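This report refers to the structure that appears directly beneath it.
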Amino acid sequence: KAPTPATSTSAAATPAAAAPTSYRERIGALESGAGGYDAIFGQNKAAKINDKPVSQNTIGEIIEWQNKNKSTNKHAVGKYQFINVAGVANIAGLSTNELFSPANQDKMFDAYTRVNSDILKKLGIEPTEENLSAAHAIGAQGVANLIKASSQGKGTENALDILGLKGAAAATNPQLNKSVDLVLADLR
3 KAPTPATSTS
13 AAATPAAAAP
23 TSYRERIGAL
33 ESGAGGYDAI
43 FGQNKAAKIN
53 DKPVSQNTIG
63 EIIEWQNKNK
73 STNKHAVGKY
83 QFINVAGVAN
93 IAGLSTNELF
103 SPANQDKMFD
113 AYTRVNSDIL
123 KKLGIEPTEE
133 NLSAAHAIGA
143 QGVANLIKAS
153 SQGKGTENAL
163 DILGLKGAAA
173 ATNPQLNKSV
183 DLVLADLR
């Protein structure tokens, strides 16, 4: 497991590091880039909510901010770009009064990964790092839908159509606007 930063709340505040080695760190680097624990959707840098770094807000403050920004579908937040902080915090056993700190974001990621692993297993899909990575991006059911479509000869169909993503959800996920087989290859 990756160490939890003790003195810094942002990857941007630390010098350039070696390539991430753990699964969690690889996903964090892919999702938030230089923004690290203080990232907001579409920004590869540390950001602020309520005039303070993202990770210095309570989980409740983050949920409130997400609720205000859901209509734009640009409400992913933190190192792992959570789009449902309320749900993931609940799964991780965290209260809305706790900070959206690096340690708590890591707890949330671990809880989300366990849930995705369980769902993939129930769907008959091996929870490999590749499949878990894809599940982090599009959900375990989304992974199952794309794998099923590919196995049914629909690998050349557009992944957005298979996933049922339209409007803002499609616009903010341009990486999914290609064939099912290409998306699966990219996500894995």
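Be aware that the sequence shown starts at 3, since it is given in the working numbering, and climbs by one per residue.
From the three backbone atoms N, C-alpha and C, an ideal C-beta is built for every residue, glycine too.
These numbers come from a predicted model, not from an experiment.
On a CA-only basis, which of the options is nearest residue i? Give me that one, please.
i	options	result
H138	I164, N160, D120	D120
E159	N106, L178, S103, G169	L178
T174	L101, E131, I29, Q83	Q83
G157	D183, A170, W67	D183
A113	A88, G166, K124	A88
N99	H77, I65, A105, T60	T60
I42	D188, S97, V79, I51	V79
E33	N52, Q107, G95, S97	Q107
F111	K123, S103, V90, L125	V90
L125	T115, G144, K109	G144
P176	I140, Q154, A146	I140
Going by DSSP, which residues form a beta bridge with residue i?
i	result
T158	None, per the DSSP bridge assignment.
S181	N160
I51	K54
F84	V79
I42	V79
So residue i and residue j are in contact, right, with Cβ under 8 angstroms, and what is the actual spacing, rounded?
i	j	result
I164	L148	6 angstroms
D40	A31	Not quite, the Cβ-Cβ distance comes to about 14 angstroms (not below 8 angstroms), so this is no contact.
A142	N118	5 angstroms
Ends of the alpha helix (DSSP H) at residue i?
i	result
Q68	61–71
G169	169–173
E128	Neither: E128 is in no alpha helix (DSSP H) and is coded neither H nor E.
A96	For the record, residue 96 in the displayed sequence is Leu; it is not Ala. Segment: none, L96 is in no alpha helix (DSSP H) and carries neither H nor E.
G30	25–34
G144	142–153
Check whether the Cβ of residue i lies closer than 7 angstroms to any Cβ atom in chain D.
i	result
E63	Any reference to chain D falls outside this structure, which holds one protein chain only.
Do the segment 125–135 and the segment 67–83 make contact, defined as three or more Cβ pairs closer than 8 angstroms? no
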